[in-house]
Amino acid sequence: MESSFGALVRYWRRVRAMSQLDLASAAMTTPRHMSFLETGRSNPSREMVLRLAGALDVPLRDRNGMLLAAGFAPLFAHSGLDDPALRRVASAVGRMLDRHDPLPAVVLDRGWNVLRANRGAARLFGTLLAPAPVPADANVLRLIIEPGPVRDAVANWEEVVPALLERARREAVGGVLDLATAELVMELRSRPDVGALIAAPRTTPAPIPIVDVHFRVGDGVVRFFSVVSTIGTPVDVTAQELRIEAFFPSDDESADRWSGSAGTGQAEEGPYGRPVVAR
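Following the working numbering, the numbering of the sequence shown begins with 500 at its first residue and continues without gaps.
Dropping the structure here:
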């Protein structure tokens, strides 16, 4: 009978399109032992669990799950961004946000929830959502795709939504959406207006290499594109799942318009009960 650990190995092996022979070779074991591990006829050592997880490029959160399924304690910490263990990460992230100001920048978790925002991002979303405050549990996918003031402010919403949902899949940790984010994406894709956009065929090549987001701000439009950064060589679940998204003006007109709108909207306090810039 297949064990829970064996089921996880089989799942990740199929995700990575690896045969038992491929995985056995990558994990430096035999195909026979690999078969026994998947069927539950053999129990893995802690070292073997980690070797298999490494060979399968399993995200750290799921490596902990594989260890638990095999009867071992989790190895990788899951610290909060405010925890002392992540002090250096939080400090570096804070500097990135601070130096990017007055342009918007945010820190997202794996589910596209906003964890931190600099003053530029607070000003952008504060302006778009005014007079309502920015929600404490702001989720970028929901803000842009679901009906509301942010969606209404996206002038090229029909272009942005398919690209954003594709980004959600492409930028998932380990290339695989976690269950909660997968359910969110499925929920959003099932909306009739979103489904129609996804189903519509693209008949002409894109005129530009990236999809800008065109925000209606005041009496004009500001066009942004974004650059996403991740933490290199993480050994903490939270650190691996962080993404820093920095927005840049797509043209000189947008740069001038954003610079000229400084001082409007929410700028000094973030929507998360703490100063905007993480330290």
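Positions of the beta carbon are idealized from the N, C-alpha and C atoms, including for glycine. Predicted model, so just to flag it, every value in this text is computed and none were measured.
Is the beta carbon of residue j closer than 7 Å to that of residue i?
i    : j    : result
V675 : V508 : no
A526 : A554 : yes
A652 : L627 : yes
S725 : I743 : no
T680 : G610 : yes
L566 : V548 : yes
L522 : R512 : yes
V649 : L642 : yes
L687 : I730 : no
A443 : V710 : Because residue 443 is not part of the residues shown, which for the chain are 500 to 778, the question remains open.
F746 : L536 : no
L580 : A589 : yes
Using the Cα positions of residue i and residue j, report the straight-line distance between them to the nearest angstrom.
i    : j    : result
S689 : L696 : 11 Å
T737 : A584 : 11 Å
Q739 : R587 : 14 Å
V721 : S760 : 10 Å
R615 : F571 : 34 Å
H577 : D735 : 6 Å
V660 : S753 : 21 Å
L559 : V613 : 21 Å
G619 : G625 : 10 Å
V670 : A621 : It should be pointed out that residue 670 corresponds to Glu in this sequence rather than to Val. Their Cα atoms are separated by approximately 24 Å.
L664 : S749 : 21 Å
A777 : A637 : At A777 the pLDDT is 38, less than 50, meaning the model places this residue with poor confidence; the figure from the coordinates comes in the next sentence. About 17 Å.
A516 : A667 : 21 Å
T529 : D561 : 24 Å
A654 : V693 : 16 Å
D582 : A552 : 26 Å
D608 : M533 : 34 Å
G505 : S541 : 10 Å
L596 : G564 : 32 Å
N617 : S524 : 47 Å
E658 : R550 : 42 Å
L678 : V557 : 15 Å
S447 : F714 : No answer is possible for residue 447: it lies beyond the span of the chain, which begins at 500 and ends at 778.
A631 : L623 : 13 Å
G717 : S758 : 13 Å
R545 : R701 : 49 Å
V684 : G719 : 31 Å
A629 : F723 : 20 Å
In the DSSP assignment, find the unbroken beta strand (DSSP E) run with residue i in it and report its ends.
i    : result
F724 : 719-728
R639 : Reading the sequence as shown, one finds Val at residue 639 and not Arg. Unbroken run through V639 is the alpha helix (DSSP H), 639-644; no beta strand (DSSP E).
How far does the alpha helix (DSSP H) with residue i in it reach, from first residue to last?
i    : result
E752 : 751-759
T538 : 530-538
S518 : Here S518 belongs to no alpha helix (DSSP H), and DSSP marks it neither H nor E.
N563 : 559-568
I697 : 691-698
M527 : Where M527 is concerned, there is no enclosing alpha helix (DSSP H), given that its DSSP letter is neither H nor E.
R550 : 545-554
Taking DSSP's pairing of strands, which residues face residue i in a bridge?
i    : result
E744 : V605, V727
H713 : R722
D735 : A576
R615 : V606
V592 : Answer is none; V592 lacks a bridge partner.
Quick one: is the Cβ of residue i within less than 6 Å of any heavy atom of the ligand FMN?
i    : result
G674 : Ligands are entirely absent from the displayed structure, and the ligand FMN is therefore not among its contents.
Checklist line | Every unbroken alpha helix (DSSP H) inside the segment 628-679 [4 residues or more] | finding: Correct list: 639-644, 648-652, 656-669.
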